[in-house]
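Data first, discussion second: the structure below is written as structure tokens.
In my numbering, the protein residues as written are 3 to 238.
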């Protein structure tokens, strides 16, 4: 077993056991232009959206996803695998879904979104405990009580307040993948229309994206919390 795989397995076990997660924490590695894919991962038999890959990885599946395997170009554009189409940028696509009063309102949502700041050929998505590579982001999908602990973890060292950003769309691709990469901070999302339509995201679940660079410190604090503050908290 490689040192990286062993480390990621230990991180995953702590996250699962201490937070009492329903599923696996998920590793996301965006493959930069010209970079080789991590070895040992296969393309799915049919195309998937980024959110579908994440929610299936939560149940133990692993995927290599070049752009040709992605079936949602809104998500792929947020991950900087492809350009944002005119139909998306103009607001026409999202306005037609019926949540915005006008294409202009939907266009502002797209104009304000965060996009991964480097070009990508694709991605690898798998359970963190099976990741024999360094992820960009680790995601968690679970009930609010479990997602809540990202707030004390985020403020443990420097204090202050945790701030999160979301929109009606792009929970998995923007909120919990692109946003943490751009800001270097965790982001919590309430979910989105696409996730709730195309995945098995439950009605009582939220989602969190954590930059991988923060995972070692978070895991260290969780081990302290497990026998400390968490024993005083109401937990299901």
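Glycine residues also receive a C-beta, built at the ideal position from the N, C-alpha and C atoms.
None of the values given here were measured: they were computed from a predicted structure.
Item to check | Separation of residue 146 from residue 191, as counted between CA atoms | outcome: Against the chain shown, residue 191 aligns to sequence position 189. Against the chain shown, residue 146 aligns to sequence position 144. Spanning the two alpha carbons is a distance of roughly 10 Å.
Checklist entry - For residue 54 versus residue 236, is the C-beta distance shorter than 8 Å? => result Here residue 54 corresponds to residue number 52 of the chain shown, with the count starting at 1. Here residue 236 corresponds to residue number 234 of the chain shown, with the count starting at 1. Not in contact: residue 54 and residue 236 (Cβ atoms no closer than 8 Å).
Checklist entry - Helix, strand or coil: how does DSSP classify residue 31 here? => result Along the chain shown, one-based indexing puts residue 31 at 29. Residue 31: strand per DSSP, three-state reduction.
Checklist entry - What are the start and end residues of each continuous beta strand (DSSP E) run of 3 or more residues lying completely inside the region 104-133, in chain order? => result 122-129
Checklist entry - Taking the beta strand (DSSP E) that residue 94 falls in, what are its first and last residues? => result As a position in the chain shown, residue 94 is number 92, starting the count at 1. For residue 94, there is no enclosing beta strand (DSSP E); the enclosing alpha helix (DSSP H) covers residues 94-97.
Item to check | Per-residue burial, residue 141 [other beta carbons within 10 Å of its own, 16 or more giving buried] | outcome: One-based indexing of the chain shown puts residue 141 at position 139. Counting the other Cβ atoms within 10 Å of the Cβ of residue 141 gives 16 or more, which makes it buried.
Checklist entry - Is it right to say residue 49 is buried, meaning 16 or more other beta carbons lie within 10 angstroms of its own, or is it exposed? => result Locating residue 49 in the chain shown gives position 47, counting from the first residue. Classification of residue 49: exposed, given that the 10 Å Cβ count is below 16.
Checklist entry - Any chance the region 120-140 sits against the region 97-112, with 3 or more Cβ pairs inside 8 Å? => result no
Next on the checklist: In chain order, what are the residue ranges of uninterrupted alpha helix (DSSP H) at least 4 long that sit wholly in the region 129-182?
Outcome noted: 146-150, 152-157
Checklist entry - Which value, in whole angstroms, describes the spacing of the CA atoms of residue 68 and residue 128? => result Indexing the chain shown from 1 puts residue 68 at position 66. Indexing the chain shown from 1 puts residue 128 at position 126. Straight-line Cα distance between these residues: approximately 14 Å.
Item to check | Beta-carbon contacts of residue 32 that lie in its chain and below 7 Å, excluding the five residues immediately before and after | outcome: Working through the chain shown from its first residue, we reach residue 32 at position 30. 81, 118, 122, 125, 138.
Item to check | Coarse secondary structure for residue 209, derived from DSSP in three states | outcome: Taking the first residue of the chain shown as position 1, residue 209 is located at position 207. Residue 209 falls in the strand class under three-state DSSP.
Checklist entry - DSSP state of residue 66, grouped into three classes? => result By 1-based counting over the chain shown, the position of residue 66 is 64. Here residue 66 sits in strand by DSSP.
Checklist entry - Does the distance from the CB of residue 22 to the CB of residue 225 come in under 8 Å? => result Residue numbering aside, residue 22 sits at position 20 when the chain shown is read from its first letter. Residue numbering aside, residue 225 sits at position 223 when the chain shown is read from its first letter. For residue 22 and residue 225, no; Cβs fall outside 8 Å.
Item to check | Through-space distance from residue 165 to residue 186, alpha-carbon basis | outcome: Locating residue 186 in the chain shown gives position 184, counting from the first residue. Locating residue 165 in the chain shown gives position 163, counting from the first residue. Each residue's Cα considered, the two are about 12 Å apart.
Item to check | Extent of the continuous beta strand (DSSP E) run through residue 189 | outcome: Taking the first residue of the chain shown as position 1, residue 189 is located at position 187. Residue 189 -> beta strand (DSSP E) spans 189-191.
Item to check | Given 8 Å, three or more beta-carbon pairs between the region 205-215 and the region 163-183 | outcome: yes
Checklist entry - Are residue 62 and residue 26 closer than 8 Å when you measure CB to CB? => result Within the chain shown, residue 62 is the residue found at index 60, counting from 1. Within the chain shown, residue 26 is the residue found at index 24, counting from 1. Contact: yes.
Item to check | Buried or exposed by the 16-neighbour rule on C-beta atoms within 10 Å, applied to residue 234 | outcome: Residue numbering aside, residue 234 sits at position 232 when the chain shown is read from its first letter. Label assigned to residue 234: exposed.
Item to check | Expected contact under 8 Å - CB spacing of residue 216 and residue 188 to nearest Å | outcome: Stepping through the chain shown from its first residue, residue 216 is reached at position 214. Stepping through the chain shown from its first residue, residue 188 is reached at position 186. That pair is a contact at about 7 Å.
Item to check | Cβ-Cβ distance between residue 176 and residue 193 below 8 Å | outcome: Residue mapping note: residue 176 aligns to position 174 of the chain shown, counting from 1. Residue mapping note: residue 193 aligns to position 191 of the chain shown, counting from 1. No; because the gap between Cβ atoms is not below 8 Å, this pair is not in contact.
Next on the checklist: Report the CB separation of residue 251 from residue 131 in whole angstroms; it is logged as a contact under 8 Å.
Outcome noted: Outside the shown range of the chain (3 to 238) lies residue 251, about which nothing can therefore be said.
Checklist entry - What number of angstroms, rounded off, separates the C-alpha of residue 144 from the C-alpha of residue 203? => result Working through the chain shown from its first residue, we reach residue 144 at position 142. Working through the chain shown from its first residue, we reach residue 203 at position 201. Distance between the alpha carbons of residue 144 and residue 203: 9 Å.
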